[in-house]
Amino acid sequence: MHLNLQFTIYNLQLIAGPCSAESENQIVETASQLSKMGVEVFRAGIWKPRTHPNSFEGVGEKGLKWLQTVKRDFGMKTAVEVANSAHVEAALNAGIDVLWLGARTTTNPFVVQEIADALKGANIPILVKNPVIPDLELWLGAIERLQNADIQNITAVHRGFGTGGSHYRNNPQWHIPIELKRRLPNIPLICDPSHIAGKKELVGIVAQQAISLNYNGLMVEVHCNPAQAASDAEQQITPAELKILLKNLVFSEENSQNEILSIFRQKIDDLDSSLIEILSQRMNIAQKIGEYKRENAISVLQSSRYDEVLQKCINQAVAKNINPDFLKKIMEIIHEESIKQQL
Ligand code: PEP
Ligand code: MN
């Protein structure tokens, strides 16, 4: 089920607008520039879930009027974030066209359920951002709660995860949305490159990565005067910058016909199968070590031996141009499983 928010030129679902509604002037000016570019869906947060209490928490319901103006004067669809049932009621009463659940909301099943209950019977597209923590099941669960409330038109929004370990503001952890897409192939998946990037210079790079991964669209934070923005000033771009970003996106030809790609894919499949074979051999040896240790009353965990193995692997990885953090994570998982095999 599509949102029907296609951005005509690129066949993308494109949603753009400021992080927050701040003034009628800012809303009208930003929307006017975006509508001239052909953007059809305008976003603006009016209730802002902020980590710290003294940050700007949004203009509240008066922002709904400004969005009604955007709808009336530019014929754009409007989108706001809802974080409780009162927000849902106010947004529906104001005729807002699209609602979204923010990352902090998706993290909390009680609130998602409250929103799903408030939405029952409302025929409105809902966007569900990934939860702040990298828990795919929470994201899937939120979508399921909305589906159970008969919401037909759901889109997943990937905005990255607040786990650190990345030079972006939010770690994209692309494998999580890719797995979501595998589990829910009929739910469109769009990317919010602004909250992943955290810096305006990086928004285009993240957007391109999403397009290369065949995402169905983008939700981008755009402000007529980003330097003056009351929230997320560093990551917002101007409408003119959005235009350039869109122009520079490279769309690939349909991949399935591509022979070169299928040769690479075959190689990957072969290597995956070798990896599994090698892991199986490693686990068999771990079991044998376990038996030997039991017979000779030697303790299972010998940290100094593990430190040595890990350091050796990291040195080898660095020499082979493999990211040492990545290698360390893999070795930790393998080590954990080896210990289980020895118990
Ligand atoms: C937002 O879209 O402005 C927002 C608050 O996003 P998130 O829920 O992804 O932090
Ligand atoms: Mn924001």
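Note that numbering that gives the first Met the number 0 numbers the sequence shown so that position 232 is 231, with each residue one more than the last.
Backbone N, C-alpha and C define an ideal beta-carbon position, used for all residues, glycine too.
Selection from the options that minimises the alpha carbon distance to residue i
i	options	result
V81	P52, T68, V111, S54	V111
R181	S230, Q310, C18, Y214	Y214
D191	E276, I175, D269, N129	N129
R293	A209, Q341, V38	Q341
T68	Q12, E178, N283, S34	S34
A20	M330, A115, Q310, Q227	Q227
K242	E88, Q301, A232, V219	V219
C223	A239, M36, I132	A239
K70	H86, K246, A93, G57	A93
G37	R264, I275, L245	L245
E143	P133, T29, I114	I114
K61	Q280, Q310, H86	H86
Between the CA atoms of residue j and residue i - distance to the nearest angstrom
i	j	result
V43	Q146	In the sequence as presented, Val is not what sits at residue 43; that position holds Ala. Approximately 25 Å between the Cα atoms of the pair.
P323	I333	15 Å
P48	T106	13 Å
L66	S273	56 Å
A316	I277	17 Å
I123	Q151	8 Å
Y291	S298	10 Å
S31	K76	13 Å
L98	R168	24 Å
Q25	E307	59 Å
R103	E178	21 Å
L270	L260	15 Å
E88	H166	38 Å
L13	V221	12 Å
Q286	S337	8 Å
L137	F109	11 Å
Q185	T154	First, the amino acid is wrong: residue 185 is Asn here, not Gln. Between N185 and T154, the C-alpha separation is close to 9 Å.
T237	N320	38 Å
A318	E335	25 Å
I288	K266	33 Å
G216	P52	32 Å
L212	L188	10 Å
S193	L63	23 Å
S251	F41	27 Å
Other residues of its chain near residue i: CB distance less than 6 Å, five sequence neighbours each side excluded
i	result
V79	I45, A90, I95
H157	N129, P176, C190
F55	A229, S230
A282	According to the sequence provided, residue 282 is Met. The question's Ala does not apply to it. Hits under 6 Å: Q340.
K119	A148
G161	V131, N169
Residues of its chain near residue i, where Cβ-Cβ distance is below 7 Å and the 5 sequence neighbours each way are ignored
i	result
G59	I45, W46
A232	P225, A226
N10	none
A141	L100, T105, V111, V127
S255	With a pLDDT of only 46 at S255, under the threshold of 50, the placement of this residue in the model should not be trusted; the figure read from the coordinates follows. Within the same chain, S255 has no close Cβ partners at all.
A198	Sequence inspection shows Lys at residue 198; the Ala mentioned does not correspond to that position. E233, Q234, listed in sequence order.
Residues near residue i in its chain [Cβ-Cβ closer than 8 Å; skip 5 each side]
i	result
G164	N170, D324
R304	none
L326	C312, I313, A316
A196	Y167, R168, V202, I204, V205, Q234
Q207	N247, L248, V249
Residue i Cβ short of 7 Å to the ligand MG heavy atom set
i	result
E220	Only the ligand PEP and the ligand MN can be found as ligands here, which leaves the ligand MG out of the picture.
**OP:** At 4 residues or longer, and completely inside the stretch 124 to 181: list those alpha helix (DSSP H) runs for me, N to C.
**Re:** 135 to 147
**OP:** Using the beta-carbon of each residue, find all residues closer than 5 Å to any heavy atom of the ligand PEP and list them in chain order.
**Re:** C18, G44, G101, A102, K128, R158, H194
**OP:** Only counting runs of 3 or more residues, tell me where the beta strand (DSSP E) segments fall wholly within the stretch 246 to 326, in order along the chain.
**Re:** none
Subject >> Runs of alpha helix (DSSP H) lying entirely within the stretch 15 to 40, each at least 4 residues, in chain order >> reply: 23 to 35
**OP:** Jot down the residue ranges of each uninterrupted alpha helix (DSSP H) in the stretch 69 to 132, minimum 4 residues, whole runs only, in chain order.
**Re:** 84 to 92, 102 to 105, 108 to 118
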